[in-house]
Amino acid sequence: MASPACTLLLLEMSVTLYKMCKQTIKRTVQYRCFSNDPSEFTKSTDSRRPDKSVR
């Protein structure tokens, strides 16, 4: 059997991973929502295609 300390460490690690995944999902969803908004979209693609976003 695993010791309580070991179990606690594993639990903390999985919670941290879960939180990280949740943040990533949140960012992805936010980015997709912003992509539908033209002003936000041109802002995000600004550096890659300056000529198209300016004109």
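The opening residue of the sequence shown carries number 1 in our numbering; numbering runs sequentially from there.
A virtual CB, placed ideally from N, CA and C, is assigned to each residue, including glycine.
Residue i at chain C interface by Cβ criterion, 9 Å
i     : result
Thr16 : Of the protein chains in the structure, only one exists, and it is not chain C.
Close-in-space but distant-in-sequence residues of the same chain around residue i (CB under 6 Å, 5 per side omitted)
i     : result
Lys19 : none
Backbone secondary structure at residue i - three-state DSSP
i     : result
Ser14 : helix
Phe41 : Model confidence at Phe41 stands at a pLDDT of 49, short of 50, so the residue's coordinates are unreliable; what they give is reported in the following sentence. The answer is helix: DSSP assigns Phe41 an H, G or I state.
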